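Structure first, commentary second.
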Amino acid sequence: MSVDQNTVRRIARLARIAVTEQDVPHLQGELNAILSFVEQLNEVNVDGVEPMTSVTPMAMKKRQDGVTDGGIVDDIVRNAPVTEDHFFVVPKVVE
Amino acid sequence: MTELTHLTLTEARDGLKAKTFSATEIAKAHIAAIEKARALNAYVLETPEQALAMAKASDEKIAKGEARPLEGIPLGIKDLFCTKDVVSTAGSNILKTFKPSYESTVTQNLWNDGAVMLGKLNMDEFAMGSSNETSAFGPVVSPWRRQGSNVGAGASGAVEGAHLVPGGSSGGSAAAVAAHLCLGATATDTGGSIRQPAAFTGTVGIKPTYGRCSRWGTVAFASSLDQAGPIARTVRDAAIMLRSMSGPDAKDTTCVDLPVPDFEAAVSRGVKGLKIGIPKEYRVDGMAPEIEKLWEQGIQWLREAGAEIVDVSLPHTKYALPAYYIVAPAEASSNLARYDGVRYGLRVPGKDIADMYEKTRAEGFGREVKRRIMIGTYVLSAGYYDAYYVRAQKIRTLIKQDFEKVYASGVHAILTPATPSAAFGIGEKGSGDPVEMYLNDIFTVTVNMAGLPGLAVPAGLDSQGLPLGLQLIGRAFDEETLFAVGQVIENAAGRISLPKAWW
Chain A
1 MSVDQNTVRR IARLARIAVT EQDVPHLQGE LNAILSFVEQ LNEVNVDGVE PMTSVTPMAM
61 KKRQDGVTDG GIVDDIVRNA PVTEDHFFVV PKVVE
Chain B
96 MTELTHLTLT EARDGLKAKT FSATEIAKAH IAAIEKARAL NAYVLETPEQ ALAMAKASDE
156 KIAKGEARPL EGIPLGIKDL FCTKDVVSTA GSNILKTFKP SYESTVTQNL WNDGAVMLGK
216 LNMDEFAMGS SNETSAFGPV VSPWRRQGSN VGAGASGAVE GAHLVPGGSS GGSAAAVAAH
276 LCLGATATDT GGSIRQPAAF TGTVGIKPTY GRCSRWGTVA FASSLDQAGP IARTVRDAAI
336 MLRSMSGPDA KDTTCVDLPV PDFEAAVSRG VKGLKIGIPK EYRVDGMAPE IEKLWEQGIQ
396 WLREAGAEIV DVSLPHTKYA LPAYYIVAPA EASSNLARYD GVRYGLRVPG KDIADMYEKT
456 RAEGFGREVK RRIMIGTYVL SAGYYDAYYV RAQKIRTLIK QDFEKVYASG VHAILTPATP
516 SAAFGIGEKG SGDPVEMYLN DIFTVTVNMA GLPGLAVPAG LDSQGLPLGL QLIGRAFDEE
576 TLFAVGQVIE NAAGRISLPK AWW
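Residue numbers (this note's numbering), protein chains in the order written: chain A, 1 to 95; chain B, 96 to 598.
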């Protein structure tokens, strides 16, 4: 399978990455190089094979459903580009 | 007396305990060496004040007879590990000013054992790369040069040769250890990022079993593959460091609740009675004769030391790398969705929120990262999920079953080359076709896909005088056997003599 330029633009939009019109052709070439490399996986018979969900077989750890941390609002917002009164500020999303 | 920076971690530990030198002296020696080596670009952040404060605390502990396992040992930390109040960038512009308010479990474990932090080490952006060339801080220069090369030496007259890459993504870690800019370094490995740079720089690196080290506080790339481990100058040094890095962690549900063995005690076990598998599928077309020879040499060494050598088959080996280039980007596209300019990191303003996301990510991520996010987005998108992602996860099951069958037949460990070639020059690979760079990981990536431990150990030099490594693959949670076998190879090969400081 290979991608056309419209698909490249659509993937970029889904991935929330702005691409310029100049970027599109080389991105298309690079993505197609990778897709053609992974094409060989179609040779493998995977009938009846379970997809891997956990690489080391182990029981999921469980813990009490209780609060273990908190009271660190300053720490949580301290790396945010824009904050106000301990809230993250984003451009207006509802008119 | 040997220069303090030229001690092994083991020698430094023993000398500190015997009060032959102090933690402050050894920290100062390293701080001075790092300052002189800035041309290598191995450190992206030096933390000399923190190092001296930690060394002073270590000296007090030693004076009181309370030395912990890594007391006073100066280490470099890959910039993928979050360090409290110290900028942690993952090699990316999007995190260039990110100052975590918490410490990763792996680094906390090291500090709890008395280690000293020298600074943060350069790496490929978000650990995506095999040469350290995708870093937002620029490439790391390997301390190794091809025979006859005088590049960077400030020599008058003609410059011979080009700077070499140290491998990646843990390129800063490998270069710093090889150039004597720390006694050991933390690193991480998603497809070969510990073992390939270790092989390129004549150092020892181990990716432990998935679940041995906590991933908490380590910037995520592909969560089902990522695992932390050490790069050091000897097998024993790596064993000592791994013991301190490992252990259960309530904050990571994929971190296993198993006691950490005394890895150092396993180093001198020898290989008598061990069955070592040689997988025929690793004899790839066009493999360099030097790699083939090195592998044969390794087989011979182990046989002479008393191991039984058996041929084994891992039939799905060739599919590991293509399957990886579906699974890893898929997980990366999901993990890196968090960099949206809202909670941390770079923000580029836009006309609305979607525009802000798109501009922030376009400016903050480098080309390789964008490429992988886009591939991951594509293989997870409606209509392609089953054809790509589910198929790749099924192939991953087959790869794991290959190993299980071999181990069920009584094989204790598998010996392979670590890389298909020695280090290459900066700018030499992957500029046109990204797959050319990806092929560096053909021997290492199967191990991540199966969650197994893998150790890279230096085994010789190529005709250009550059180091080559062998890889040992073990059973899940049996790193001890890898240390035992690795030590036999190190003894037989002799310690690689690392390059003299030309920088």
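The beta-carbon is built from N, C-alpha and C at its ideal position, and this holds for glycine as well.
These numbers were taken from a predicted model, which means no experiment stands behind them.
- Would you give the residue range spanned by the beta strand (DSSP E) that B/V299 belongs to? Boundaries of the beta strand (DSSP E) around B/V299: V299 to K302.
- Task: With distances taken Cα to Cα, identify the nearest neighbour of B/D332 among B/V299, B/Q496, B/V314 and B/V351.
- Result: Comparing Cα-Cα distances from B/D332 to each of B/V299, B/Q496, B/V314 and B/V351, the minimum goes to B/V299.
- Task: Check B/E141 in the structure and name its three-state DSSP category.
- Result: Note: B/E141 maps to strand in three-state DSSP.
- Message: If we define contact as Cβ-Cβ less than 7 Å, is A/N32 a contact residue for chain B?
- Response: It does not: the Cβ of A/N32 has no partner Cβ on chain B nearer than 7 Å.
- Message: How far does the alpha helix (DSSP H) with B/G266 in it extend, from its first residue to its last?
- Response: Where B/G266 is concerned, the enclosing alpha helix (DSSP H) stretches over G266 to A273.
- Item | Cα-Cα separation, B/D174 to B/V182 | Near 8 Å, if we compare the C-alpha coordinates of B/V182 and B/D174.
- Query: Does DSSP classify B/V181 as helix, strand or coil?
  - Reply: B/V181: strand per DSSP, three-state reduction.
- Please confirm if the region 48-58 of chain A is in contact with the region 483-491 of chain B, defined as three or more CB-CB distances below 8 Å between the two stretches. Yes, since at least three Cβ pairs between the region 48-58 of chain A and the region 483-491 of chain B fall closer than 8 Å, the two stretches touch.
- Presumed contact (8 Å Cβ cut-off) between B/G372 and B/V542, rounded CB distance: That pair is no contact at about 13 Å.
- Task: Would you decide whether B/A513 is buried or exposed? Buried here means 16 or more other CB atoms lie within 10 Å of its CB.
- Result: Looking at its Cβ environment, which holds 16 or more other Cβ atoms inside 10 Å, B/A513 is buried.
- Message: Rounded to the nearest angstrom, what separates A/V82 and B/I129 at their Cα positions?
- Response: Rounded to the nearest angstrom, the two C-alpha atoms are 36 Å apart.
- Task: Consider the Cβ of A/V67: report whether some Cβ of chain B lies at a distance smaller than 7 Å.
- Result: Proximity of A/V67 to chain B, defined by a Cβ-Cβ separation below 7 Å, is not satisfied.
- Minimum Cβ-Cβ distance from B/A222 to chain A less than 7 Å: So, not an interface residue.
- Starting from A/E111, find everything on chain B with Cβ-Cβ shorter than 8 Å and list it in chain order. Within the shown structure, residues of chain A are numbered from 1 to 95, placing residue 111 of chain A beyond reach of any answer.
- Going along chain A, which residues have a C-beta under 9 Å from B/Y305? Residues of chain A passing the Cβ test: V55 and T56.
- Query: So what does B/A282 bridge to, in DSSP terms?
  - Reply: Answer is B/G324.
- Task: Under 8 Å between beta-carbons, which chain A residues line up against B/Q488? List them in chain order, please.
- Result: Here the neighbours are P51, M52 and T53.
- Rounded to whole angstroms, how far is the Cβ of A/A15 from the Cβ of B/M451, which I believe are closer than 8 Å? Actually they are not in contact, since the Cβ atoms of A/A15 and B/M451 sit about 15 Å apart, beyond 8 Å.
- What first and last residue would you give for the alpha helix (DSSP H) that runs through B/E399? In the DSSP annotation of this structure, the continuous segment of the alpha helix (DSSP H) that includes B/E399 starts and ends at P384 to E399.
- Let me know if B/E166 comes out buried or exposed under the rule of 16 or more other beta-carbons within 10 Å of its beta-carbon. Buried is the call here.
- Query: Between which two residues does the beta strand (DSSP E) harbouring B/M212 extend?
  - Reply: Where B/M212 is concerned, the enclosing beta strand (DSSP E) stretches over V211 to L216.
- Same chain, Cβ closer than 6 Å to B/V314, five either side skipped, listed in chain order: Cβ within range, chain order: L175 and A185.
- B/G287 and B/V506 closer than 7 Å at C-beta: Not closer than 7 Å, so no.
- Query: Can you tell me whether B/T192 is buried or exposed, with buried defined as 16 or more other CB within 10 angstroms of its CB?
  - Reply: So B/T192 ends up on the exposed side.
- Grab the span of the beta strand (DSSP E) containing B/E403 for me, first residue to last. Per DSSP, B/E403 belongs to the beta strand (DSSP E) from E403 to V407.
- Message: Check for me: the beta strand (DSSP E) holding B/L510 runs from which residue to which?
- Response: Unbroken beta strand (DSSP E) run through B/L510: A508 to P512.
- Can you pull the chain E residues whose beta carbon is under 7 Å from the beta carbon of A/R9, in chain order? Structure shown: chain E not included; protein chains present are A and B.
- Query: With burial defined as no fewer than 16 other Cβ atoms inside 10 Å of the residue's Cβ, what is the status of A/D85: buried or exposed?
  - Reply: Per the 10 Å Cβ criterion, exposed.
- Flag this pair as yes or no: are the beta carbons of B/P234 and B/G262 separated by less than 7 Å? For B/P234 and B/G262, no; Cβs fall outside 7 Å.
- Among the residues of its own chain, which have a CB less than 6 Å from the CB of B/Q242, if the five just before and after it don't count? Excluding sequence neighbours, B/Q242 sits near Q559 and G560.
- Pair within 7 Å by beta-carbon distance, B/A294 and B/G564: Against a cut-off of 7 Å, the Cβ pair of B/G564 and B/A294 comes out as a contact.
- Task: Note down, one range per segment and in chain order, each beta strand (DSSP E) of at least 3 residues found wholly within the region 194-248 of chain B.
- Result: At a cut-off of 3 residues, the continuous stretches assigned as beta strand (DSSP E) that sit fully inside the region 194-248 of chain B are 211-216.
- Query: In chain order, what residues of the region 192-212 of chain B put their CB closer than 7 Å to some CB of chain A?
  - Reply: So the list reads F193, K194 and S196, given in the order they occur along the chain.
- Message: Just to confirm my understanding: we take B/K179, look at its own chain, exclude 5 residues before and 5 after, and list those with CB closer than 8 Å. What are they?
- Response: The beta carbon of B/K179 is closer than 8 Å to those of P195, S196, Y197 and E198 in its chain, skipping five residues each way along the sequence.
- Query: How many whole angstroms separate the CB atoms of B/N136 and B/N217, which I take to be in contact at a CB cut-off of 8 Å?
  - Reply: For B/N136 against B/N217, the beta-carbon gap comes to about 6 Å, under 8 Å, which counts as contact.
- Query: Where does A/V89 land, buried or exposed, given buried means 16+ other C-beta within 10 angstroms?
  - Reply: It counts as exposed.
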